[in-house]
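So the structure is just underneath, and the comments pick up after that.
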Amino acid sequence: MSADTTRRVEVYPDREAVVEFDPNLTFECVDDCTWCCHHGVLLYDRDLLELAQRANLAETTTDFRGEKFVTREAKDREEHVADDGSACAFLREDGLCSLHLEEDWKPARCSVFPLGVWLEDGDLHVDIRESAHDHCDGLNVSERRVIDNLEAFLPELLWELQNPDSEREL
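Pasting the structure below:
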């Protein structure tokens with residue numbers, strides 16, 4: 050998106066995001082995709098506290114480069130897994146997330162997908178992750194415009210983080 054079409058959008062009171070994607074873009078998760086669940090999920094401090102109330106952290110998280118991630122684990126199936134046969138520890142056999150369905154909660158990074166976020170000049174910037182354009186089946190398949198639903202994608206804690214950069218991976 051060019052600088053002249055970049056726009057500031059208030060997501061929460063006094064919390065704006067600089068949106069760098071097409072305002073007509075839509076997104077809705079589709080059945081049997083699970084591409085976003087193939088990766089290790091970065092856990093922010095608040096996510097760790099929330100997850101500790103729902104799961105055993107020793108069994109479901111790992112340290113990588115000084116940050117906590119949800120463990121990726123080998124799955125004994127061919128669908129809903131990455132090329133290496135692994136996926137998020139919370140991805141069930143049916144391809145659904147146990148945290149989201151059974152606990153009505155998900156880590157901030159899961160809420161953000163398929164968006165990429167980063168800080169630039171003190172502002173939170175938002176765009177569609179480059180990899181999502183190649184792999185995510187939920188882009189432009191519904192009437193749910195991302196720009197009209199940013200609060201569902203961008204947890205308020207993102208504005209409080211020193212580095213919300215969504216490109217960090219396990």
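Here the working numbering is used: position 129 in the sequence shown is 178, and no number is missing along the way.
The beta-carbon is built from N, C-alpha and C at its ideal position, and this holds for glycine as well.
Nothing here was measured: the structure is a model prediction, and the numbers come from that model.
Span of the beta strand (DSSP E) around residue i
i    : result
F113 : T110 to F113
V130 : Looking at the DSSP string, V130 is not in any beta strand (DSSP E), and its letter there is neither H nor E.
A104 : Per DSSP, A104 belongs to no beta strand (DSSP E) and is neither H nor E.
Selection from the options that minimises the alpha carbon distance to residue i
i    : options                   : result
L168 : T54, E69 and K117         : E69
D186 : D170, H174 and T75        : T75
L140 : H88, T111 and V67         : H88
P213 : S191, V190 and P156       : P156
R103 : K124, D71, E122 and W154  : W154
L91  : E179, D176, D80 and F162  : F162
T120 : I177, V130, E77 and E108  : E108
V79  : S191, R217, I196 and A101 : S191
R126 : W208, R114 and G144       : G144
A181 : E216, N105, G134 and E122 : E216
Bridge partner(s) assigned by DSSP for residue i
i    : result
S194 : Looking at the sequence itself, residue 194 is Arg, so the reference to Ser does not match. Paired residues: T75.
V90  : For V90, which the question treats as bridged, DSSP gives no partner whatsoever.
Distance CB(residue i)-CB(residue j) smaller than 9 Å
i    : j    : result
T55  : A136 : no
Y93  : L199 : no
D183 : E65  : no
E128 : D81  : yes
L203 : L164 : yes
Residue range of the alpha helix (DSSP H) that includes residue i
i    : result
D183 : E179 to H184
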